[in-house]
Each structure stands twice: as structure tokens, then as C-alpha cells.
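Number of protein chains: 2
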Amino acid sequence: MKVLIIGGAGMIGRKLAQQLAKDGRLAGQPISKLTLYDVVPAAVPPGAAMGVSLATGDLPAAGEADRLLADQPHVIFHLAAIVSGEAEQDFDKGYLINMDGTRSLLEAVRKAGHKPRLVFASSIAAFGAPFPEAIGDEFFASPLTSYGTQKVIGELLVGDYSRKGFLDGISIRLPTICVRPGRPNKAASGFFSNIMREPLAGEEAVLPVSESVMHWHASPRTAVGFMLHAASLDLDRLGWRRALTMPGLAVTVGEQIAALRKVAGDQAVARIRRVPDPFLEDIVAGWPRTFAPKRALELGFRADASFEEILRVHIEDELGGHIARGGR
Amino acid sequence: MKVLIIGGAGMIGRKLAQQLAKDGRLAGQPISKLTLYDVVPAAVPPGAAMGVSLATGDLPAAGEADRLLADQPHVIFHLAAIVSGEAEQDFDKGYLINMDGTRSLLEAVRKAGHKPRLVFASSIAAFGAPFPEAIGDEFFASPLTSYGTQKVIGELLVGDYSRKGFLDGISIRLPTICVRPGRPNKAASGFFSNIMREPLAGEEAVLPVSESVMHWHASPRTAVGFMLHAASLDLDRLGWRRALTMPGLAVTVGEQIAALRKVAGDQAVARIRRVPDPFLEDIVAGWPRTFAPKRALELGFRADASFEEILRVHIEDELGGHIARGGR
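Protein chains in written order, with the working numbering: chain B, 506 to 833; chain D, 506 to 833.
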């Protein structure tokens, strides 16, 4: 089986590639070739027994998606996107990559004619306030960002191309990924990860919102699990409703901090500095808090068990099992 | 005020142009110029006191939408579309006109920079079965046709372009138009109109489904009323949720026939020939039956009062007030 990851140099793409390299198989089939495509070169995952091909390019460019489809990959993970903040700042770039790029890919798949499995990474940015207490599977998509709009359009296209028999597609709406590894970034949602990751590494982090803020989280490891499950599932069970909100963990910032205290002690918690930002608090008030993702649960998608588990996954996967003990 | 109708030669476009010509004003402003654009030449509406410009062309073609925006129309009605059946048969043509054409138009509006009102004609084809008993305003779009998919994508784009301040847009999801004037067409929904229009004109018509089939209807006159109201409304009241399901009349085929009997007697009803079509009955089972369009009602959109009224509107507007009395 040949597998293509579009966005293979990104955070989830990299972890997904590592897991596929480790497993050597997907959906019960041995993987013969793994292609990692991105705008920058991806890394060959350590210990990969299959052939790994690295490719770089610009997905919406003419002929580009056709080139990626030339070897008729059986499973395609489409994770490439301009992120929320950038798509909001650069309207044209967001539509070019997130909408035209996705459509180019789907058209190339249609032209290739072999009807592969396609897993499209969508987002809970599909939804915009006001919300019901818990957002159900039939609540309407009402995005409040260009990024969210582009993701919903991608979902609709994946649904229609599936219904027409051009591919066998599924869109999975990922929760906010927490704890996101790497350096703090400028995403408005970055603080959810910053206030966990930095203290665990012995650094200070800023908490700009109140502890009562609730949000919907999944660890990177769980997100990779969603991808693998989405690639393996019999999609006939979904009918033509091919977009699914993934299960997550609804926790408040206060609950995050309590979990940090349990896992890393008071000295880690003491590294969180409270600097309220009313502007950010307003933005966050428009975000989903919690969902009732009944269909995804019925189909076997599983959230992290607790926020402590999310922290332990981070310590294991990113910190080699060690918490920074130095400190204040 | 300058008004542009894209799709000005179509059934609703023609009636909308006639109404605007008759009124001479829109949203409280006198109309100085009315441009009717379509793939085929539209007709100058009788008695138009304003300047009427007829233009033909291919909306998604390069530079075409820019040309339409050159005189900076204040209100744009976008009614042009490849219809459901054709978009399902010709996948590329449907996406080219319904998706790329709409996006071209929105891009041209953005480039023109004057932030006009834009009224986009969407459809209840945005929804696909299974449904709740009555579809509410927050029920998700789950189209089961390429046409429906393209309409929802249009709604999302109109929403995002509005939120970004490029235009002041609204998408209105029209009910099935009944009684549709003209000759019987091949649309699967054609029978709802055929079994009324043909008997009123002294012709036979075929009823392919059972009398218990319920559907959501609006007369052409009411649809034009929706357009005018959508062009006049303060859209700030909608927030960024700019797609609205229009009120309609939920009636069964049996209720349609009872209304026909009241308005035109037994001899008209006798012209309906029952030829059950299980294939069509299956298709129709996937269509919406009834809605609870709370937001649109609150905003002052009004459905037809009864199916008898729908028939009287048809007799007045299409038959010059005369029902065919000739018998079998």
C-alpha cells in the first residue's frame, strides 16, 4: 500500500509519518511506499522500513497535484493548510492554499481514477458562536474566520467527490491540539499549550484569560490516532455525511492547571504568570467549549482519557520522560 | 441606484426585473439603471422608466465579472445557476458556473471596493435526508447533490466576504417554486408544478408520487418578494449568519389537489393522471418536507398564505385570470 501525506513536514504530519514508519502497515496492509509532501522538506522518519519519498512544492500550482497522484497512492492524508491567523491576515493566500489547493488535489484524484481513501484534516473552526451548551453532530457550520470557511468548503467538496464515486473521503474536525510541541507561536489559542509546555520545560508562560475558560482538546498522539482510524474505517457506515467532529477533552484552564500540579508539582504551576488580556478573552468567548460527538464515538474514535494523560503523553513524547525540576 | 441582476433571463430574474421596472425603486431609492445579465439575452421589462441595459456572457470567464462591476451597481442579485439535474449530470459545468462563477463575482465585487448589497439565491437543496420533523435554522447543511454542495459553498463565501467587509451579502434559500410557469421540464421536482399548471391550462399532467408526499413551496411572486426584502433589509441584524431559509408553505400533494379542486373544480382535477414512479418516489423521500424558518420570519420574510393563493397568483400572473374550462 502506498501512502501520501500532504503536509508531511507539519506537526501532525511528522508524527503521523513516524507512527506509520513504526507500524509498517495501515488498515491491515503493509506500507510499500510513504510519500511526504510539503512546502518545505519533511524528514525521513527514523527506522522506516518502507521506501520514503520526500517531495516539496506548491499544491495549487498547475500540474502539481497530478504529479503527486502519478503513483496512485491508496491512502492520502491531506493536512496541509495556511493556519487560522495567517489565513485571516492574508485572504488570498488562505483561499489559494486551503480552498484551491484542496480542490486541485481532489481534481487530481478524480483524474487518477483509482478512488483512494482520502482523510481531510478539518477543524472545530467550522463552528462559530453562539453555540448550544454542547455542539451536536447536526449543528450547523457557521465559521467566523476565513480559515474555518475554507475548511468547511473542503468538507463539502470531500463529501460531494465521495458521493460521486471519485474517492472515498472523510473529513475529521480536529480539536485544538494540546500540548502542542515547539516554541510558543502567535496563534490566539497558543496559550492553552504554552501554559503547560513552558512550565514543564522550566520556563515561564503567560496566561491571558481566566481559569474558567473551557475548551476542546486532543493530544498530538490522539490526533494521529484519529488519522489512522479514519484511514482504516469502513466509510459506508457514514453514508454521505462524511464530516465528523472528533471527540476531545473539554477542560477549563483551571482544570489544566490542576492537572499540571498533579503531574509536575507546585513549582511548575508557579511558572504561570497571569496577565489578563481582555481582547483575547473576547476572542476566546467566541470559541467552542464542548461537543457531543456521538457519531465519531460510535465509529470508534477515542479522546484522551484525562488532561493528566495529555501531560504524560507530552512528557513521554517530547521531553524524553523528564520534567524540568530547576526553578523558582 | 444601479441594480444588477445576474441571471436576468431566468424565470425569477425576469419576474424580479418586471417588478423593479414597475416599482421604479428599491430599498427606498429610485432606480437609475437596471442591468440584466445572462447567458442568453434577457428582455427589457415593459414600462421600465429607468435605463435598462442587457448584457450576455459567461460569468466565470476571465474579466467578465469585472466588466459587470465597472459601473459599481449598488445592489446585485445573483440568481444565475446550472440547475440541479444538469449540475448532477455535468459535474464540471456545475462547478464552473455555480462555484467558480460565484467566486469570480465575489472577487470582482471585492476589487470594485464599493461594498454593495449582494443577494445570493440559494436553495433548500442545501439539506439532505435524514431530517428532523421540521428543519430549524441551526440544522446542518448536508447536501446530497452537487448543486446543493455548490449552493452551500456560495453561502459560505458570501458570509466570509461579508464578514471581511468586501460586500454586504445575504443568501436566501428558496423553497421549491410552485407553480412554475412554462412547459413541463425534466427537473425531478417538476411534477409539483405540472399537476397544477397543466390542468389549469386544460392539459393532462402525470402525478408520479403518492398524495402523502409533503414539500416546501413558494409562488414565483413570493420569491420575488423575498429578493426585494433581502435587498432592503438592514443586514447588521443577521450578525455573520448570513444564510437564511425562506419561509414556505408545507403542503402535501393531496392538499395541492384539494386546492386545485376548490379553485378550478373537479374537471381540472380529473386531468391529473396517476402513474406511480417508485424511482422518483425514492428520490423525493430524500427531500425536505417542512422547515421552522424562525429567523427569516422574525426578519419579515413572508410565505404564501395558502396553496389556493398560490394557484390564484398563477392564474392572475400567467393565465390572464382565465382557467381553461374545456373538458375531457
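Here a beta-carbon is modelled for each residue, glycine too, at the ideal position from N, C-alpha and C.
Between the CA atoms of residue j and residue i - distance to the nearest angstrom
i                     : j                     : result
residue 746 (chain B) : residue 799 (chain B) : 13 Å
residue 596 (chain D) : residue 766 (chain D) : 41 Å
residue 777 (chain D) : residue 592 (chain D) : 30 Å
residue 833 (chain B) : residue 775 (chain B) : The pLDDT assigned to residue 833 (chain B) is 42, lower than 50, so where the model puts this residue is not dependable; a value taken from the coordinates is nonetheless given after this. When rounded, the distance between both Cα atoms is 8 Å.
residue 721 (chain D) : residue 631 (chain D) : 13 Å
residue 506 (chain D) : residue 530 (chain D) : 8 Å
residue 714 (chain B) : residue 622 (chain B) : 41 Å
residue 544 (chain D) : residue 511 (chain D) : 9 Å
residue 804 (chain B) : residue 739 (chain B) : 9 Å
residue 657 (chain D) : residue 606 (chain D) : 14 Å
residue 651 (chain D) : residue 557 (chain B) : 37 Å
residue 648 (chain D) : residue 654 (chain B) : 16 Å
residue 786 (chain D) : residue 744 (chain B) : 20 Å
residue 577 (chain B) : residue 674 (chain B) : 15 Å
residue 788 (chain B) : residue 699 (chain B) : 17 Å
residue 701 (chain B) : residue 641 (chain D) : 40 Å
residue 581 (chain B) : residue 573 (chain B) : 10 Å
residue 534 (chain B) : residue 542 (chain B) : 22 Å
residue 552 (chain D) : residue 536 (chain D) : 14 Å
residue 791 (chain D) : residue 693 (chain D) : 12 Å
residue 795 (chain D) : residue 681 (chain D) : 11 Å
residue 797 (chain D) : residue 518 (chain B) : 43 Å
residue 562 (chain B) : residue 809 (chain D) : 55 Å
residue 756 (chain D) : residue 719 (chain D) : 5 Å
residue 823 (chain B) : residue 686 (chain B) : 7 Å
residue 619 (chain D) : residue 579 (chain D) : 8 Å
residue 565 (chain B) : residue 784 (chain B) : 35 Å
residue 806 (chain D) : residue 737 (chain D) : 11 Å
residue 782 (chain D) : residue 697 (chain B) : 57 Å
Beta-carbon gap between residue i and residue j smaller than 8 Å
i                     : j                     : result
residue 524 (chain B) : residue 733 (chain B) : yes
residue 759 (chain D) : residue 717 (chain D) : yes
residue 684 (chain D) : residue 816 (chain D) : yes
residue 729 (chain B) : residue 520 (chain B) : yes
residue 645 (chain B) : residue 644 (chain D) : yes
residue 539 (chain D) : residue 614 (chain D) : no
residue 575 (chain B) : residue 609 (chain B) : no
residue 546 (chain B) : residue 585 (chain B) : no
residue 793 (chain B) : residue 587 (chain B) : no
Given residue i as reference, the closest of the options once Cα atoms are compared
i                     : options                    : result
residue 604 (chain D) : D:703, D:752, D:689, D:659 : D:659
residue 504 (chain D) : D:802, D:543, D:812        : Any question about residue 504 (chain D) goes unanswered here, given that chain D covers just 506 to 833.
residue 821 (chain B) : B:711, B:537, B:726        : B:726
residue 550 (chain D) : D:516, D:577, D:795        : D:516
residue 773 (chain B) : B:629, B:554, B:703        : B:703
residue 770 (chain D) : D:828, D:554, D:528        : D:828
residue 735 (chain B) : B:707, B:677, B:768        : B:677
residue 627 (chain D) : D:568, D:751, D:823        : D:751
residue 504 (chain D) : D:748, D:813, D:796, D:749 : The first residue shown for chain D is 506 and the last is 833, placing residue 504 (chain D) beyond what the model contains.
residue 709 (chain D) : D:680, D:689, D:573, D:662 : D:689
residue 589 (chain D) : D:781, D:610, D:696, D:599 : D:599
residue 509 (chain D) : D:612, D:601, D:624        : D:624
residue 594 (chain B) : D:669, D:616, D:748        : D:669
residue 826 (chain D) : D:755, D:761, D:724, D:706 : D:706
residue 661 (chain D) : D:749, D:795, D:513        : D:749
residue 548 (chain D) : D:526, D:563, D:569        : D:526
residue 474 (chain B) : B:694, B:761, B:757, B:679 : Limits of chain B in this structure are 506 at one end and 833 at the other, which puts residue 474 (chain B) out of reach.
residue 663 (chain B) : B:611, B:737, B:635, B:712 : B:611
residue 555 (chain B) : B:579, B:528, B:567, B:783 : B:528
residue 711 (chain B) : B:620, B:616, B:780        : B:780
8 Å Cβ cut-off: residues of chain B touching residue i
i                     : result
residue 657 (chain D) : 661
Per-residue contacts from residue i into chain D (C-beta, under 7 Å)
i                     : result
residue 643 (chain B) : 644, 645
residue 596 (chain B) : 669
residue 746 (chain B) : 647
Under 9 Å from the C-beta of residue i: neighbouring residues of chain B
i                     : result
residue 651 (chain D) : 665, 668, 669
Contact set between residue i and chain D, taken where Cβ atoms lie within less than 8 Å
i                     : result
residue 654 (chain B) : 661, 662, 664, 665
Beta-carbon neighbours of residue i, restricted to chain D and to distances below 9 Å
i                     : result
residue 633 (chain B) : 745, 746
beta-carbon residue i near the ligand COA non-hydrogen atom, thresh 7 Å
i                     : result
residue 513 (chain D) : Looking at this structure, you won't find the ligand COA or any other ligand, since it has none at all.
What are the uninterrupted segments assigned as beta strand (DSSP E) that are 3 or more residues long and contained completely in the region 792-822 of chain D, given in chain order? none
Whole runs of the beta strand (DSSP E) within the region 646-718 of chain B, excluding any shorter than 3 residues: Here the runs fully enclosed are 673-679, 710-712.
Ignoring anything shorter than 4 residues, give me the alpha helix (DSSP H) runs that lie fully in the region 553-624 of chain D, in order along the chain. 569-574, 589-594, 596-599, 607-617
Runs of alpha helix (DSSP H) lying entirely within the region 755-797 of chain B, each at least 4 residues, in chain order: 758-769, 771-774, 783-790
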